[in-house]
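Numbering (the working numbering), first residue to last: 347 to 599.
Ideal Cβ placement from N, Cα and C applies to all residues, glycine included.
Keep in mind that this is a model prediction, so the values were computed, not measured.
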């Protein structure tokens, strides 16, 4: 098994092929043909700051699928409008070096910056889906994650396990800029266009905010559940939360 990091060259194709449909979708759903032409289609998609301000013009609605989650609840998954998805993915590709930094957290057990390459039979597949790896009887990060949790808990009598209820649907899209720049600095830049030192980071976060909203009727409350791009957005926000927890000297994973 070898590791192949997502980068500015392979991001668009890999995310469109393996990250358009959520892993819980039936196998009959495939975006392989989409990924084969995605680079050609992307030439028609704008990702400029000006493009991000045309909110009403570019707003789309996702298609949804209600699927089994557990014995008492269901999960609603979304498929974004292909153009809206491609706009966000193309922008992420262009700014991937920065986005990698925004998502960095030594406490995270769910890294989003790589896709692993596995050889299955005679074919080599790039898979970022835990479920598919399990189907192929391949070793995942699960055991490694357990070991990291055990190491972090050594010497402590108790461990608190918590979960964020309805996580993706609870995320406020404007908090992307808060996560990247800091809440007060982001609000100050919104009012005054300063300080200049955070201009690049703020504009990247602001475009991410706009393009993620284009997938969901321009709504600021919640991001769609399903595409891999949403996982990246959530990791940006949660990495910032990790930083705040670290400042309180908490030991966690």
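Alpha carbon to alpha carbon, what distance is there between residue j and residue i?
i           : j           : result
residue 427 : residue 407 : 7 Å
residue 489 : residue 496 : 11 Å
residue 527 : residue 384 : 31 Å
residue 357 : residue 531 : 30 Å
residue 499 : residue 589 : 19 Å
residue 525 : residue 586 : 5 Å
residue 583 : residue 447 : 12 Å
residue 537 : residue 509 : 34 Å
residue 581 : residue 569 : 12 Å
residue 388 : residue 381 : 11 Å
residue 544 : residue 377 : 37 Å
residue 371 : residue 355 : 27 Å
residue 417 : residue 450 : 34 Å
Smallest Cα separation from residue i: which of the options?
i           : options            : result
residue 433 : 516, 558, 376      : 558
residue 563 : 499, 535, 404, 422 : 404
residue 504 : 598, 456, 363, 373 : 598
residue 440 : 551, 595, 568      : 551
residue 362 : 435, 395, 529, 412 : 435
residue 511 : 421, 502, 450, 492 : 421
residue 567 : 354, 387, 519      : 519
residue 396 : 411, 549, 571      : 549
residue 364 : 425, 507, 494, 417 : 425
residue 375 : 578, 581, 594, 572 : 572
residue 556 : 494, 409, 516, 522 : 522
residue 516 : 351, 494, 429, 565 : 565
residue 458 : 594, 353, 591      : 353
residue 494 : 561, 452, 534      : 452
residue 502 : 535, 373, 541, 596 : 596
residue 369 : 423, 379, 539      : 423
residue 410 : 591, 594, 561, 593 : 561
Going by beta-carbon coordinates alone, are residue i and residue j separated by less than 8 Å?
i           : j           : result
residue 366 : residue 431 : yes
residue 399 : residue 437 : no
residue 445 : residue 578 : yes
residue 514 : residue 576 : yes
residue 534 : residue 540 : yes
Please list, in chain order, all residues of the same chain as residue i whose beta carbon is under 8 Å from its beta carbon, the five residues on each side excluded.
i           : result
residue 491 : 455, 599
residue 414 : 420, 421
residue 442 : 352, 353, 354, 357
residue 592 : 453
Report all residues from its chain with a CB closer than 6 Å to the CB of residue i; omit the five preceding and five following residues, and keep chain order.
i           : result
residue 574 : 361, 365
CB-CB under 7 Å to residue i, same chain, minus the five flanking residues each way: which ones, in chain order?
i           : result
residue 412 : 420, 422
Segments of 3+ residues assigned as beta strand (DSSP E) that fall wholly inside the region 401-456: Taken in chain order, the complete beta strand (DSSP E) segments of 3 residues or longer contained in the region 401-456 are 409-414, 420-425.
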